[in-house]
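2 protein chains.
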Amino acid sequence: MPDIVIHEVGLRDGLQIERDTVPTATKAAWARRLAESGVDMIQLGSFVHREKVPQMADTDELFAAFRDAGPRPVFTGLVLNEKGLDRGLACGVRYFCMGVSASETHSRKNTGMTTAEAQERIIGAALAARAAGAAVQVSVQSAFGCSYEGIVPESRVLDIVRRYVDAGFPIVSLADTAGHATPDQVERLFTVLQEIDPSVECACHFHDTYGLGLLNCHAALRAGVTYFEAAFAGLGGCPFTAVTGGNVCTEDLVHLLHRLGLRPDIALDPLIDVAREAGAFFKRDLPGRIYKTGAIKWATEATKAT
Amino acid sequence: MPDIVIHEVGLRDGLQIERDTVPTATKAAWARRLAESGVDMIQLGSFVHREKVPQMADTDELFAAFRDAGPRPVFTGLVLNEKGLDRGLACGVRYFCMGVSASETHSRKNTGMTTAEAQERIIGAALAARAAGAAVQVSVQSAFGCSYEGIVPESRVLDIVRRYVDAGFPIVSLADTAGHATPDQVERLFTVLQEIDPSVECACHFHDTYGLGLLNCHAALRAGVTYFEAAFAGLGGCPFTAVTGGNVCTEDLVHLLHRLGLRPDIALDPLIDVAREAGAFFKRDLPGRIYKTGAIKWATEATKAT
Numbered sequence: 386m387p388d389i390v391i392h393e394v395g396l397r398d399g400l401q402i403e404r405d406t407v408p409t410a411t412k413a414a415w416a417r418r419l420a421e422s423g424v425d426m427i428q429l430g431s432f433v434h435r436e437k438v439p440q441m442a443d444t445d446e447l448f449a450a451f452r453d454a455g456p457r458p459v460f461t462g463l464v465l466n467e468k469g470l471d472r473g474l475a476c477g478v479r480y481f482c483m484g485v486s487a488s489e490t491h492s493r494k495n496t497g498m499t500t501a502e503a504q505e506r507i508i509g510a511a512l513a514a515r516a517a518g519a520a521v522q523v524s525v526q527s528a529f530g531c532s533y534e535g536i537v538p539e540s541r542v543l544d545i546v547r548r549y550v551d552a553g554f555p556i557v558s559l560a561d562t563a564g565h566a567t568p569d570q571v572e573r574l575f576t577v578l579q580e581i582d583p584s585v586e587c588a589c590h591f592h593d594t595y596g597l598g599l600l601n602c603h604a605a606l607r608a609g610v611t612y613f614e615a616a617f618a619g620l621g622g623c624p625f626t627a628v629t630g631g632n633v634c635t636e637d638l639v640h641l642l643h644r645l646g647l648r649p650d651i652a653l654d655p656l657i658d659v660a661r662e663a664g665a666f667f668k669r670d671l672p673g674r675i676y677k678t679g680a681i682k683w684a685t686e687a688t689k690a691t
Numbered sequence: 386m387p388d389i390v391i392h393e394v395g396l397r398d399g400l401q402i403e404r405d406t407v408p409t410a411t412k413a414a415w416a417r418r419l420a421e422s423g424v425d426m427i428q429l430g431s432f433v434h435r436e437k438v439p440q441m442a443d444t445d446e447l448f449a450a451f452r453d454a455g456p457r458p459v460f461t462g463l464v465l466n467e468k469g470l471d472r473g474l475a476c477g478v479r480y481f482c483m484g485v486s487a488s489e490t491h492s493r494k495n496t497g498m499t500t501a502e503a504q505e506r507i508i509g510a511a512l513a514a515r516a517a518g519a520a521v522q523v524s525v526q527s528a529f530g531c532s533y534e535g536i537v538p539e540s541r542v543l544d545i546v547r548r549y550v551d552a553g554f555p556i557v558s559l560a561d562t563a564g565h566a567t568p569d570q571v572e573r574l575f576t577v578l579q580e581i582d583p584s585v586e587c588a589c590h591f592h593d594t595y596g597l598g599l600l601n602c603h604a605a606l607r608a609g610v611t612y613f614e615a616a617f618a619g620l621g622g623c624p625f626t627a628v629t630g631g632n633v634c635t636e637d638l639v640h641l642l643h644r645l646g647l648r649p650d651i652a653l654d655p656l657i658d659v660a661r662e663a664g665a666f667f668k669r670d671l672p673g674r675i676y677k678t679g680a681i682k683w684a685t686e687a688t689k690a691t
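First to last, the sequence lines map onto chains V and G.
Residue numbers for the first sequence follow our numbering, so the first one is 386 and each next one is one higher.
Residue numbers for the second sequence follow our numbering, so the first one is 386 and each next one is one higher.
Below is the structure:
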């Protein structure tokens with residue numbers, strides 16, 4: 386395993402809020418180009434209600450197109466319940482992402498259930514996924530604050546984490562759904578999470594609503610987190626939160642990692658290509674920086690050969 | 386003195402690259418509104434060649450308009466040489482900013498002199514400013530990298546710092562003119578700078594070209610730096626560098642500081658107002674986040690009363 390893991394979630398969390406539906410062939414082309422960068426995992430979509438999130442209606446088809454791809458990158462899918470899991474298993478998904486919100490209001494708006502009810506259901510689905518031979522990442526959404534509720538007590542987040550750990554899940558993600566996290570909070574929560582069970586792999590998922598996305602990634606890195614979720618061009622946002630901003634931008638994050646001497650094997654050019662194509666597709670200036678400015682040339686010689 | 390010092394440089398470093406000249410009355414209105422936020426210092430302009438930088442042609446006039454303002458905020462002016470200093474002293478400037486570039490190529494393009502020649506001249510002007518009763522901040526531009534030269538050796542930066550310290554200047558700024566700084570580099574350089582002379586007040590000035598502005602501010606803060614330069618709406622860039630990006634955005638920085646429990650006395654609303662007016666004036670989406678998203682409401686109650 387590489388020292389740092391990059392999970393590119395743009396095709397799911399980047400696109401789901403967009404009104405203009407990206408054709409399946411375009412998504413597949415973007416996924417292939419993203420794969421050429423050498424990122425470790427690519428989320429192809431979510432198995433949600435096709436009419437509720439039309440942008441995700443072709444997730445099954447997309448997975449079918451990558452069914453015979455090699456072991457790297459790992460293509461992941463988000464599921465909200467057993468029904469989604471069944472669809473995912475049917476099209477050969479080998480890595481599922483599932484989560485609950487630490488905010489009761491966000492949980493109810495998103496799932497119609499309390500956090501406790503939602504977590505019971507998610508743990509059931511996650512165990513079923515494992516029984517079917519798939520890997521699972523379980524997550525806590527709104528782990529750093531909520532647009533509806535404001536402060537989310539850390540004890541609530543840690544209670545959810547403990548239930549995941551007790552159920553034996555080896556990968557736990559804390560997601561900053563609305564972009565509220567601060568670096569001190571990030572360091573504190575991930576430090577405690579690792580104390581709960583040092584064998585758990587901690588993943589982080591930040592949004593850049595208030596411009597703190599990369600700062601929070603760096604705080605997570607300093608706290609020992611090595612698994613990062615990000616979206617090309619900084620696309621995204623959650624349609625179920627009141628105020629939201631795009632994901633941390635993948636190519637900007639990789640550029641930062643390069644500057645820190647990390648993951649020089651990940652090529653920026655394929656990521657920049659997809660971000661540019663997304664900008665052209667949506668006909669607007671997207672939040673990512675590097676796809677517009679280019680990387681610092683003298684700092685990225687190591688990746689030129691790719 | 387407050388624990389953290391904010392020097393708002395948007396009217397100079399934010400505007401100087403803009404082609405549409407902001408009328409003097411508008412600049413004055415923006416300066417008055419910025420002052421209402423409670424930021425400590427506001428840079429009104431630079432005393433440069435009026436034809437070379439037309440946007441700065443009214444700096445003398447602008448200072449004259451604030452000549453009878455109270456002691457806070459402090460209005461500062463940038464000067465490049467003795468001629469600029471004379472103009473500044475003539476219109477009552479009480480705080481001057483002067484600097485040299487650590488990159489020979491940048492220094493030659495900017496001033497026609499080597500770094501050593503430029504520093505000798507700047508130290509002379511700074512001593513003259515002090516003799517005239519004004520405060521002076523001396524700076525090292527391109528302290529973290531250069532668009533022309535790439536890596537700028539830290540020894541070069543520290544040599545310039547030592548000459549400033551030997552000449553007895555109590556405030557030294559390191560400026561990341563092109564936005565190349567990384568957080569580890571920021572921590573290292575400011576730590577060494579404070580070891581050279583712990584009595585020197587370290588200022589930092591970052592640009593956000595590659596999305597690392599706030600991350601580098603936070604790194605500086607962790608290294609003990611308490612004096613930050615930033616520009617409303619994240620405007621700016623240096624017209625003399627090859628690739629450049631806007632300054633760290635003042636209202637985004639203040640929002641981050643609020644989230645960290647620092648400077649709750651600075652009101653965001655006046656800063657947001659000016660950023661919005663600048664966006665309307667330049668008729669484009671500016672880099673700042675908070676002026677578009679608004680602050681996190683539940684996190685900024687402390688500043689509501691202002």
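From the three backbone atoms N, C-alpha and C, an ideal C-beta is built for every residue, glycine too.
All of these numbers come straight from a predicted model, not from anything done at the bench.
Bridge partners for residue i per DSSP, in chain order?
{"i": "asparagine 632 of chain V", "result": "V:His592"}
{"i": "tyrosine 549 of chain V", "result": "DSSP lists no partner for tyrosine 549 of chain V."}
{"i": "phenylalanine 448 of chain G", "result": "BP columns for phenylalanine 448 of chain G are empty, so no partner."}
{"i": "glycine 360 of chain G", "result": "Look at the range of chain G in this structure, 386 to 691, and you will see that residue 360 of chain G is not part of it."}
{"i": "alanine 732 of chain G", "result": "Any property of residue 732 of chain G remains undetermined from this structure, which presents chain G solely from 386 to 691."}
{"i": "glutamine 522 of chain V", "result": "V:Cys482"}
{"i": "alanine 560 of chain V", "result": "V:His590"}
{"i": "asparagine 535 of chain G", "result": "The residue you asked about is not asparagine; residue 535 of chain G is glycine in the sequence shown. Note: glycine 535 of chain G sits in a beta bridge opposite G:Cys531."}
Can you tell me whether residue i is helix, strand or coil according to DSSP?
{"i": "phenylalanine 529 of chain V", "result": "coil"}
{"i": "alanine 687 of chain G", "result": "Confidence is the limiting factor: at alanine 687 of chain G the pLDDT is only 36, short of 50, which leaves the residue's position unreliable, though a coordinate-based value still follows. Alanine 687 of chain G falls in the helix class under three-state DSSP."}
{"i": "threonine 576 of chain G", "result": "helix"}
{"i": "leucine 620 of chain V", "result": "coil"}
{"i": "alanine 414 of chain G", "result": "helix"}
{"i": "glutamate 421 of chain G", "result": "helix"}
{"i": "serine 492 of chain V", "result": "helix"}
{"i": "glutamine 570 of chain V", "result": "helix"}
{"i": "phenylalanine 666 of chain V", "result": "helix"}
{"i": "aspartate 582 of chain G", "result": "coil"}
{"i": "valine 438 of chain V", "result": "coil"}
{"i": "glutamate 403 of chain V", "result": "coil"}
{"i": "threonine 499 of chain G", "result": "coil"}
{"i": "arginine 644 of chain V", "result": "helix"}
{"i": "valine 330 of chain G", "result": "Since the first residue of chain G shown is 386 and the last is 691, residue 330 of chain G is not available in this structure."}
{"i": "isoleucine 651 of chain V", "result": "coil"}
{"i": "isoleucine 681 of chain G", "result": "coil"}
{"i": "valine 659 of chain G", "result": "helix"}
{"i": "cysteine 476 of chain G", "result": "coil"}
Among the residues of its own chain, which have a CB less than 6 Å from the CB of residue i, if the five just before and after it don't count?
{"i": "alanine 519 of chain V", "result": "Arg479, Phe481"}
{"i": "lysine 689 of chain G", "result": "At lysine 689 of chain G the pLDDT is 39, less than 50, meaning the model places this residue with poor confidence; the figure from the coordinates comes in the next sentence. Excluding sequence neighbours, lysine 689 of chain G sits near nothing in its chain."}
{"i": "glycine 484 of chain G", "result": "Ser524, Gln526"}
{"i": "alanine 687 of chain V", "result": "Its pLDDT being 36, under 50, alanine 687 of chain V is placed unreliably by the model, and the measurement read from it follows with that caveat. Excluding sequence neighbours, alanine 687 of chain V sits near Pro649."}
{"i": "cysteine 476 of chain V", "result": "Asp445, Phe448, Ala449"}
{"i": "valine 394 of chain V", "result": "Gln428, Glu614, Ala616"}
{"i": "threonine 691 of chain V", "result": "Residue placement at threonine 691 of chain V cannot be trusted, given a pLDDT of 34 that sits under 50; the coordinates are not used to answer."}
{"i": "alanine 552 of chain V", "result": "Ile508"}
{"i": "threonine 376 of chain G", "result": "What the structure shows of chain G is the stretch from 386 to 691, and residue 376 of chain G is not part of that stretch, so it cannot be assessed."}
Within a Cβ cutoff of 7 Å, which residues of the same chain sit near residue i, ignoring the five residues on either side of it in sequence?
{"i": "glutamate 446 of chain V", "result": "Thr409"}
{"i": "asparagine 466 of chain G", "result": "Arg506, Ala510"}
{"i": "leucine 638 of chain G", "result": "Leu599, Cys602, Phe613, Ala615"}
{"i": "proline 568 of chain G", "result": "Leu600, Asn601, Ala604"}
{"i": "valine 546 of chain G", "result": "Val525, Val557, Leu578, Ile581"}
{"i": "proline 439 of chain G", "result": "Thr406"}
Only counting the same chain, and skipping five residues up and downstream in sequence, which positions put a Cβ closer than 8 Å to that of residue i?
{"i": "leucine 474 of chain V", "result": "Ala514, Ala517, Ala519"}
{"i": "leucine 647 of chain G", "result": "Asp388, Ile389"}
{"i": "proline 555 of chain V", "result": "Ser584, Val585, Glu586"}
Contact list for the stretch 543-558 of chain G against chain V, Cβ threshold 8 Å:
Cβ contacts with chain V come from no residue of the stretch 543-558 of chain G.
For the stretch 568-599 of chain G, which residues have a beta carbon sitting closer than 7 Å to at least one beta carbon of chain V?
For the stretch 568-599 of chain G, the set of positions with a beta-carbon nearer than 7 Å to some beta-carbon of chain V reads Pro568, Asp569, Thr594, Tyr595, Gly596, Leu597, Leu599 in chain order.
Interface residues of the stretch 627-643 of chain G facing chain V [CB-CB below 8 Å]
Per Cβ criterion, the list reads Val628, Gly630, Cys634, Asp637, His640, Leu641.
Short-range partners of chain V found in the stretch 644-660 of chain G, where Cβ spacing is below 7 Å:
Shown in chain order are the members of the stretch 644-660 of chain G whose Cβ falls below 7 Å from a Cβ of chain V: Arg644, Leu645.
Mind checking the stretch 664-678 of chain V against chain G and listing, in chain order, the residues whose C-beta falls within less than 7 Å of any C-beta there?
Those residues of the stretch 664-678 of chain V that come within reach of chain G (Cβ to Cβ, closer than 7 Å) are Asp670, Arg674, Ile675, Thr678.
Interface residues of the stretch 488-509 of chain V facing chain G [CB-CB below 8 Å]
Of all residues in the stretch 488-509 of chain V, none has a Cβ within less than 8 Å of some Cβ in chain G.
Residues within the stretch 390-421 of chain V neighbouring chain G, beta-carbon criterion of under 8 Å:
Flagged: no residues at all.
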